[in-house]
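Trainee: In order, the protein sequences belong to chains A and Z. Letter by letter, the first sequence follows residues 1 to 321 in the numbering used here. Letter by letter, the second sequence follows residues 1 to 321 in the numbering used here. The C-beta atom is built at its ideal place from N, Cα and C for all residues, glycine as well. On a predicted model such as this, the values are computed, not experimentally measured, just so you know. Can you keep this structure in mind? I'll have questions shortly.
Number of protein chains: 2
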Amino acid sequence: MAVYTEVSDEALTAFLAAYDIGTLLSYKGIAEGVENTNFFLHTTAGTYILTLYEKRVRADDLPFFLNLMEHLATRGLACPQPIRNRAGVALGELCGRPAVIVSFLEGVSVKRPTPDQCRALGGALAGLHAAGSDFGMRRDNNLSVEAWGPLFRGAEAQADGVSPGLAARVCGDLAVVEAGWPRGLPSGVIHADLFTDNVFFIGDDLSGLIDFYFACTDAFAYDLAICLNAWCFDADGTFHRDRGAALIAGYEAVRPLGADEVAALPILCRGAALRFLLTRLVDWLNVPPGALVQPKDPLEYDRRLTFHRGVTGAGDYGWVE
Amino acid sequence: MAVYTEVSDEALTAFLAAYDIGTLLSYKGIAEGVENTNFFLHTTAGTYILTLYEKRVRADDLPFFLNLMEHLATRGLACPQPIRNRAGVALGELCGRPAVIVSFLEGVSVKRPTPDQCRALGGALAGLHAAGSDFGMRRDNNLSVEAWGPLFRGAEAQADGVSPGLAARVCGDLAVVEAGWPRGLPSGVIHADLFTDNVFFIGDDLSGLIDFYFACTDAFAYDLAICLNAWCFDADGTFHRDRGAALIAGYEAVRPLGADEVAALPILCRGAALRFLLTRLVDWLNVPPGALVQPKDPLEYDRRLTFHRGVTGAGDYGWVE
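Below you can see the structure in the form of structure tokens.
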């Protein structure tokens with residue numbers, strides 16, 4: 001939640017001269033996004049978001065993310081569309097940072113999603129999976145099951161200081177998930193970070209998906225499992241089955257799950273919870289001095305794991321045959 | 001530069017229901033303003049700024065600020081216009097904070113003003129002074145000469161740790177300014193904080209003035225002296241006489257200065273520099289742990305004072321008879 005890089009009016013005006021989007025009317029740094037610096041940008045041609053990529057985003061990955069957004073937008077998905085400059089290039093440089101202008105999406109992030117909003121999310125998620133099916137690039141998921149063991153071992157010694165018994169609980173989950181992780185599920189482009197703050201609504205209508213900077217090639221059902229974690233629990237770990245049922249039904253209305261995906265849903269949900277627990281735990285234990293960003297609470301996902309451990313089948317998440 | 005208060009979509013939707021400005025399309029926290037939390041707000045009726053007042057603004061002062069903005073906007077000044085709700089009230093409450101919606105102004109703040117932009121600023125400043133002449137409220141300037149001694153004494157012991165000899169330099173300036181501070185100059189509503197980030201331009205055209213939260217009743221020429229400090233120096237203390245001349249000429253094209261104001265300009269400029277040196281010094285020495293805001297460098301004003309000490313008359317700032 002910060003502007004890491006200041007951009008002067010002179011630097012921005014010079015940058016915009018390479019684009020065919022009119023002249024500058026106003027720009028404001030947005031207190032959103034923990035990885036990058038974002039500006040709301042208004043020109044005589046319209047409204048945009050200007051993003052400067054800070055060091056946590058690998059420059060090598062940017063073509064994947066930008067081409068993907070362009071591909072999905074072309075397929076009709078409501079997502080930010082990178083704006084190409086007069087030379088036909090979307091990725092520029094501003095104040096020494098890789099920088100991109102994308103189209104602005106109206107809409108508001110919900111804090112407590114309703115079942116109707118979960119249903120709309122499910123449909124949009126399946127639409128994203130379908131729209132990405134003919135996207136020509138691939139990017140491995142570097143935060144999938146192979147990454148969790150090393151992440152855990154880096155945080156293990158300090159885990160019980162965050163919550164007594166946390167190390168043993170994570171160790172147990174990790175053993176189960178590593179042993180049973182499903183292979184060969186239907187795969188393609190997934191968003192991999194579709195939390196409520198990355199989905200916009202106007203009323204109950206889903207108006208857009210943003211923040212594709214964790215997108216990668218992985219199992220579609222794992223993306224659904226991430227959404228079940230992010231959308232259907234309270235912070236105290238309470239699962240809302242009505243939201244889960246609506247999310248899954250909304251997804252299946254566009255892309256029905258195969259039997260293998262349904263069977264794998266419990267372990268995918270448990271793995272997704274572990275993934276966010278572990279990255280949050282590492283961030284929690286490594287807050288730099290003077291940090292502008294408050295780390296997110298890893299224990300929210302410890303509480304969700306309590307639910308996942310007791311699950312006996314996809315029906316517990318609201319799936320119905 | 002921070003969002004101090006998070007506002008949920010539900011809280012904002014409920015707040016907006018009292019207003020006649022359409023329904024919510026989007027809102028983003030703006031990384032601007034060190035005192036308050038600001039959101040860019042877009043509804044079906046238009047574009048606005050939503051401000052939540054944090055504890056550094058005294059709630060008792062809000063009616064002065066809001067009525068002043070409304071008065072000035074009604075007189076045609078390009079400044080944020082507070083939006084009244086259906087009950088006719090501009091000042092509301094959101095998330096436990098006093099909150100106001102104001103109209104959005106297009107424009108960009110310049111970092112290195114040109115003489116033409118200084119001339120435009122001078123005209124707008126005189127226009128503000130004229131537009132405020134029939135405003136019915138008054139607010140004493142609680143950061144004028146009487147406040148500087150106490151501010152200095154609170155920081156005196158630590159001043160030389162910030163810059164060797166600073167305490168003695170400030171002590172000397174304070175003695176001169178306190179002894180010679182002019183009384184009885186033409187007075188009225190002044191902005192009192194018209195730094196470059198509070199003035200918007202589209203190209204060389206001044207499009208708006210914002211941030212009236214230091215506005216008060218004081219000498220008009222003191223407001224001009226603040227602008228000479230804020231607009232006509234580089235950070236290293238270099239004075240740009242061409243900018244000063246343009247600023248003063250732009251002001252006098254709308255409201256000519258009296259002989260008493262011209263004579264007082266040097267001490268007013270020295271006092272204005274002292275005011276910002278002292279408040280910045282106090283902030284510098286009192287950065288709270290975990291602060292989201294980087295304090296501004298007090299020594300910029302120490303360097304400006306070096307210039308002011310050598311001034312022999314208003315001509316040194318670019319005034320011409």
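Rounded to a whole number of angstroms, what is the C-alpha to C-alpha distance between Z:E10 and Z:D316?
Mentor: Taking the first residue of the second sequence as position 1, residue 10 of chain Z is located at position 10. Taking the first residue of the second sequence as position 1, residue 316 of chain Z is located at position 316. In a straight line, the C-alpha of Z:E10 is about 57 Å away from that of Z:D316.
Trainee: So which residues on chain A does Z:S109 lean against when the C-beta distance must stay under 8 Å?
Mentor: Residue mapping note: residue 109 of chain Z aligns to position 109 of the second sequence, counting from 1. Among the residues of chain A, those whose CB is under 8 Å from the CB of Z:S109 are D9, following chain order.
Trainee: Using the Cα positions of A:I30 and Z:V7, report the straight-line distance between them to the nearest angstrom.
Mentor: Here residue 30 of chain A refers to the residue found at position 30 of the first sequence. Here residue 7 of chain Z refers to the residue found at position 7 of the second sequence. One C-alpha to the other measures close to 14 Å.
Trainee: Should A:I30 be flagged as near chain Z, meaning a C-beta pair shorter than 7 Å?
Mentor: For the purposes of this step, residue 30 of chain A is taken as the residue at position 30 of the first sequence. Yes, because at least one Cβ of chain Z sits closer than 7 Å to the Cβ of A:I30.
Trainee: Residues of chain Z with a CB under 8 Å from the CB of A:H42: which are they?
Mentor: Along the first sequence, one-based indexing puts residue 42 of chain A at 42. Per Cβ cutoff of 8 Å: E106.
Trainee: Taking just the CA atoms, how far does Z:P98 sit from A:L174?
Mentor: Within the first sequence, numbered from 1, the residue matching residue 174 of chain A stands at position 174. Within the second sequence, numbered from 1, the residue matching residue 98 of chain Z stands at position 98. Going by the C-alpha atoms only, they are around 48 Å apart.
Trainee: Give me the residue from Z:A221, Z:H191, Z:Q117 and Z:C227 with the minimum Cα distance to Z:I210.
Mentor: In the second sequence, counting from the first residue as 1, residue 210 of chain Z sits at position 210. Minimum Cα distance to Z:I210 is reached at Z:H191.
Trainee: Please work out which residues of its chain come closer than 8 Å, Cβ to Cβ, to A:N229, disregarding the five sequence neighbours upstream and downstream, and give them in chain order.
Mentor: Counting from one through the first sequence, the residue named residue 229 of chain A turns up at place 229. If we look at A:N229 and ignore the five residues flanking it on each side, its Cβ neighbours are C269, A272, A273, F276, Y301 and R304.
Trainee: Label A:P164 either buried or exposed according to how many other C-beta atoms from any shown protein chain fall within 10 Å of its C-beta, with 16 as the threshold for buried.
Mentor: Position 164 of the first sequence, counted from the first residue, corresponds to residue 164 of chain A. A:P164 is exposed by the Cβ-count criterion.
Trainee: Leaving out five residues on either side along the sequence, give the residues of the same chain with a beta carbon under 6 Å from the beta carbon of A:H308.
Mentor: Here the question's residue 308 of chain A lines up with position 308 in the first sequence. Correct list, in chain order: C269, R270 and A273.
Trainee: Does Z:S26 pass the burial test, meaning 16 or more other C-beta atoms within 10 Å, or should it be called exposed?
Mentor: For the purposes of this step, residue 26 of chain Z is taken as residue 26 along the second sequence, with counting starting at 1. With 16 or more Cβ atoms within 10 Å of its Cβ, Z:S26 is classed as buried.
Trainee: Below 6 Å, is the gap between the Cβ of Z:R280 and the nearest heavy atom of the ligand FAD?
Mentor: The model on display carries no ligand, and the ligand FAD is accordingly not part of it.
Trainee: Between the C-alpha atoms of A:Q158 and A:K296, what's the straight-line distance to the nearest angstrom?
Mentor: Within the first sequence, residue 158 of chain A is the residue found at index 158, counting from 1. Within the first sequence, residue 296 of chain A is the residue found at index 296, counting from 1. Whole-angstrom Cα-Cα distance: 17 Å.
Trainee: To the nearest angstrom, how far is the alpha carbon of Z:E261 from that of Z:L185?
Mentor: Position 261 of the second sequence holds residue 261 of chain Z. Position 185 of the second sequence holds residue 185 of chain Z. Going from the Cα of Z:E261 to the Cα of Z:L185 covers about 7 Å.
Trainee: Write down the C-beta distance between A:A249 and A:D116 rounded to the nearest angstrom, noting that I regard them as a contact closer than 8 Å.
Mentor: Numbered from 1 along the first sequence, position 249 holds the residue referred to as residue 249 of chain A. Numbered from 1 along the first sequence, position 116 holds the residue referred to as residue 116 of chain A. Not confirmed; about 11 Å, so no contact.
Trainee: Please name the residue, chosen from Z:Y4, Z:F195, Z:D283 and Z:Y251, that lies closest to Z:A221 on a Cα-to-Cα basis.
Mentor: Here residue 221 of chain Z refers to the residue found at position 221 when the second sequence is read from its first residue. The residue from Z:Y4, Z:F195, Z:D283 and Z:Y251 with its alpha-carbon nearest to that of Z:A221 is Z:Y251.
Trainee: Listing by chain order, which chain A residues have their CB less than 9 Å from the CB of Z:I101?
Mentor: Along the second sequence, read from residue 1 onward, the residue named residue 101 of chain Z stands at position 101. None at all; the shortest Cβ gap to chain A is about 16 Å.
Trainee: For chain Z, is any of its Cβ atoms less than 7 Å away from the one on A:G313?
Mentor: Taking the first residue of the first sequence as position 1, residue 313 of chain A is located at position 313. It does not: the Cβ of A:G313 has no partner Cβ on chain Z nearer than 7 Å.
Trainee: Does the distance from the C-beta atom of A:G132 to that of A:V254 stay below 7 Å?
Mentor: Translated into the one-based positions of the first sequence, residue 132 of chain A becomes position 132. Translated into the one-based positions of the first sequence, residue 254 of chain A becomes position 254. No, they are not a contact pair.
Trainee: What is the residue span of the alpha helix (DSSP H) that Z:R280 lies within?
Mentor: The residue labelled residue 280 of chain Z in the question sits at position 280 within the second sequence. That run of the alpha helix (DSSP H) goes A259 to L285.
Trainee: Does the beta carbon of A:L72 sit closer than 7 Å to a beta carbon anywhere in chain Z?
Mentor: On the first sequence, residue 72 of chain A is found 72 positions in, with the first residue counted as 1. No, A:L72 lies away from the interface with chain Z (no Cβ there is under 7 Å from its Cβ).
Trainee: Quick one: what's got a C-beta closer than 6 Å to Z:L41's C-beta in the same chain, skipping five residues either side?
Mentor: Counting from one through the second sequence, the residue named residue 41 of chain Z turns up at place 41. Closer than 6 Å at the Cβ level, and outside the excluded window around Z:L41, lie Y27, Y48 and L50.
Trainee: Tell me whether A:L125 sits in a helix, a strand or coil according to DSSP, three-state version.
Mentor: In the first sequence, counting from the first residue as 1, residue 125 of chain A sits at position 125. Of the three classes helix, strand and coil, the one that applies to A:L125 here is helix, per DSSP.
Trainee: Report buried or exposed for Z:V353, applying the criterion of at least 16 other Cβ atoms within 10 angstroms of its Cβ.
Mentor: No statement about residue 353 of chain Z is possible, as the shown extent of chain Z runs from 1 to 321 and does not include it.
Trainee: Can you grab the Cα-Cα spacing for the pair Z:F233 / Z:P266, in whole Å?
Mentor: Along the second sequence, read from residue 1 onward, the residue named residue 233 of chain Z stands at position 233. Along the second sequence, read from residue 1 onward, the residue named residue 266 of chain Z stands at position 266. The alpha-carbon atoms of Z:F233 and Z:P266 are separated by roughly 15 Å.
Trainee: State buried or exposed for A:R183, treating a residue as buried only when at least 16 other CB atoms are found within 10 Å of its CB.
Mentor: For the purposes of this step, residue 183 of chain A is identified with residue 183 of the first sequence, where counting begins at 1. Label assigned to A:R183: exposed.
Trainee: From A:L52 to A:P80, what distance separates their C-alpha atoms?
Mentor: Taking the first sequence and counting its residues from 1, one reaches residue 52 of chain A at position 52. Taking the first sequence and counting its residues from 1, one reaches residue 80 of chain A at position 80. Answer to the nearest angstrom: the Cα atoms are 15 Å apart.
Trainee: Tell me whether A:T37 is buried or exposed, calling it buried when 16 or more other Cβ atoms sit within 10 Å of its Cβ.
Mentor: In the first sequence, residue 37 of chain A corresponds to position 37, counting from 1. When all chains shown are included, A:T37 counts as buried.
Trainee: Going along the chain, which residues of the region 143–160 of chain Z sit with their C-beta nearer than 9 Å to a C-beta in chain A?
Mentor: Residues passing the 9 Å Cβ filter: none.
Trainee: Should A:L3 be flagged as near chain Z, meaning a C-beta pair shorter than 7 Å?
Mentor: The residue given as residue 3 of chain A occupies position 3 in the first sequence. For the record, residue 3 of chain A in the displayed sequence is Val; it is not Leu. A:V3 counts as touching chain Z.
Trainee: Quick check: is the beta carbon of A:S362 nearer than 7 Å to any beta carbon in chain Z?
Mentor: Residue 362 of chain A falls outside the range modelled here, since chain A spans only 1 to 321, and no answer is possible.
Trainee: On a Cα-Cα basis, can you pick out the residue from A:L24, A:G88 and A:G180 that is closest to Z:V110?
Mentor: Locating residue 110 of chain Z in the second sequence gives position 110, where the first residue counts as 1. It is A:L24.
Trainee: On the three-state DSSP scale, how would you describe A:C227?
Mentor: The residue given as residue 227 of chain A occupies position 227 in the first sequence. It is helical.
Trainee: Got a sec: is the Cβ-Cβ distance from Z:S163 to anything in chain A below 7 Å?
Mentor: Reading the second sequence from its first residue, position 163 is the one you call residue 163 of chain Z. So, not an interface residue.
Trainee: Just verifying my parser: in three-state terms, what is the DSSP assignment at Z:P80?
Mentor: Here residue 80 of chain Z refers to the residue found at position 80 of the second sequence. Looking at Z:P80 - three-state DSSP - the assignment turns out to be coil, as it is neither helix nor strand.
Trainee: Quick check on this structure: which residue in Z:L91, Z:L62 and Z:F195 has the alpha carbon closest to the alpha carbon of Z:R138?
Mentor: As a first step, residue 138 of chain Z must be located in the second sequence, where it is residue number 138. Checked all of Z:L91, Z:L62 and Z:F195; the closest Cα to Z:R138 is Z:L62.
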